[in-house]
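Heads up, the thing below is written out as structure tokens.
Numbering (the numbering used here), first residue to last: 1449 to 1931.
Here it is, written out as structure tokens:
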């Protein structure tokens, strides 16, 4: 089935504030079929609503091989790059979820022609050659950080006036570091509300060659946004980032740019990272296969640590360009056995649940796996300290605060600082209804707790639609076969 949102419709956005998740929904979308275009994904009221989902405990060790849908991070980066490229790009094994469909819709507002095949996990993007077709547009980004950040940078290459906004939570997520960096390239960007936060307005006019310095940006996506637009600057872009977070995501962005024919010079480290993007350059359209999502694979790979047995994730191994594939190193440190192959990864749980070890670890490079580890830590033999994850406070929710609240419900001891969380396993587990804060990773990580704790219910489980719409179907299928 193919599906398209025509730019002429998507540009007629008149916003309202009355849906269940307080998202500003284009009024015209309410009149459309809820499963056409972005009408369904923007408004939670159009989806079947499940108030909570009870997790059935596993009755024994696991023994399963699972597949994971395409990576959100890779899909949205590929969409941004393909939109700028010369020619037509086909993305295979692409992810269809709220975040990627918001990205598609925003590109279509900018006049980019995008064709989708949902059943085939395929997206065809007709690139604009660096010339944004639309002279103006209103882009609704929901709570998709990649969408608003990547599209803000893309809009600087246009020749008109663009407004980018999102839901209430997006208006609380900082964007000042990105705006400041883009302004240094000559971009004219303003704030429509609170300074430093969306909504923002961009007056296109192109990027000039510049030297940009960013100090401890709260998200590596700011850097990726600038990098992906940089080939179309009028001169070379020199980018220096001090106190880098999520460094593997920057390496991933650079490698994807190179896959589309652009040269990027880099030196990446946790202290100072430097990029040089010679300009002008042009992306060349390419057929690109999206890897399974390594962050979302963490929920399955972590399961044997909690209930024992074996889980193998297909098509995700040592050849992956995603940094979160290294989450299995953390599980190995805790006592799991890990087998790494080029195109698959297997985790076996410790010989006995009591053998799972508490650890002290810096997760600055892969903060999206922190919630997974926090839940696993409840079943360890001692406390686990997760450090250097202050970026979690400006994600879909304040994840450190949310983790503290929900882990305590299950009986765990929790201590948080501005950038760390320490989990002490409970003496006795408690059943609980887990509030998810409209955060997909809260829902998926706490589903793991239900494998061992009877009485765990996940509130608002459809929030997983952000990156993994059929998560619970695959999660339940995982333990239909047991060792």
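Here a beta-carbon is modelled for each residue, glycine too, at the ideal position from N, C-alpha and C.
- If you draw a straight line from the Cα of residue 1524 to the Cα of residue 1545, it comes to about 11 Å.
- For residue 1813, there is no enclosing beta strand (DSSP E), since its DSSP letter is neither H nor E.
- The DSSP assignment places 1757 to 1762, 1785 to 1788, 1792 to 1796, 1808 to 1810 as complete runs of the beta strand (DSSP E) inside the stretch 1746 to 1826, in order along the chain (cut-off: 3 residues).
- As computed with DSSP, residue 1663 is found in a beta bridge with 1690.
- Residue 1726 is positioned such that its CB atom lies closer than 7 Å to that of residue 1684.
- Remark: C-beta atoms of residue 1877 and residue 1861 do not approach each other more closely than 7 Å.
- Under the DSSP assignment, residue 1529 falls in the alpha helix (DSSP H) whose first and last residues are 1520 to 1532.
- If you ignore the 5 residues before and after residue 1728, its C-beta comes within less than 6 Å of no other C-beta in its own chain.
- Distance from the CA of residue 1765 to the CA of residue 1823, rounded to the nearest whole angstrom, comes to 23 Å.
- In this model, residue 1598 and residue 1737 are separated by some 20 Å (Cα to Cα).
- Around residue 1829, the same chain offers 1802, 1804, 1805, 1806 as residues with beta carbons nearer than 7 Å, after the five sequence neighbours per side are excluded.
- In chain order, 1630, 1673, 1674, 1676, 1677 place their CB closer than 7 Å to the CB of residue 1601, counting only its own chain and leaving out the 5 sequence neighbours on each side.
- Assignment of residue 1588 by DSSP, reduced to helix, strand and coil, places it in the strand class.
- Proximity of the stretch 1738 to 1749 to the stretch 1708 to 1719 falls short of the contact definition, fewer than three beta-carbon pairs being nearer than 8 Å.
- Annotation for residue 1767: 1790, 1791 place their beta carbon closer than 8 Å to its own, counting only its chain and skipping 5 residues before and after.
- Residue 1585 places its beta carbon 7 Å or farther from that of residue 1652.
- Sixteen is the threshold: since fewer than 16 other Cβ atoms of the shown chains lie within 10 Å of the Cβ of residue 1663, the residue is exposed.
- Per the DSSP secondary-structure output, residue 1574 pairs in a beta bridge with 1536, 1561.
- Here residue 1612 is actually not in contact with residue 1576; their C-beta atoms are around 18 Å apart, not less than 8 Å.
- Where residue 1921 is concerned, there is no enclosing beta strand (DSSP E), although the alpha helix (DSSP H) around it starts and stops at 1919 to 1926.
- The residues 1498, 1500, 1501, 1884, 1891, 1920, in chain order, have a CB closer than 8 Å to that of residue 1909 in the same chain once the five nearest residues on each side in sequence are set aside.
- The continuous beta strand (DSSP E) containing residue 1514 extends over residues 1510 to 1514.
- Its chain contains 1818, 1834, 1837 as the residues whose beta carbon lies nearer than 6 Å to that of residue 1811, once the 5 sequence neighbours on both sides are disregarded; these appear in chain order.
- Residue 1732 and residue 1528 have their C-alpha atoms spaced approximately 13 Å apart.
- When the Cα atoms are used, residue 1644 and residue 1755 turn out to be separated by approximately 45 Å.
- Buried is the label assigned to residue 1778, since at least 16 other Cβ atoms lie within 10 Å of its Cβ.
- Look at residue 1502 here: in three-state DSSP terms it is strand.
- The closest CA to that of residue 1679, considering only 1603, 1905, 1657, 1650, is found on 1657.
- Contact check for residue 1744 and residue 1596: beta-carbon distance about 21 Å, past the 8 Å limit, so the pair fails to qualify.
- A Cβ-Cβ distance of about 6 Å is found for the pair residue 1739 and residue 1522, placing them in contact under the 8 Å criterion.
- Note that the C-beta distance between residue 1569 and residue 1549 is not below 7 Å.
- For residue 1674, the secondary structure class from DSSP, reduced to helix, strand or coil, is helix.
- A residue is called buried when at least 16 other Cβ atoms come within 10 angstroms of its Cβ; residue 1701 meets this threshold and is buried.
- The shortest CA-to-CA distance from residue 1660 to any of 1638, 1632, 1583, 1734 is the one to 1632.
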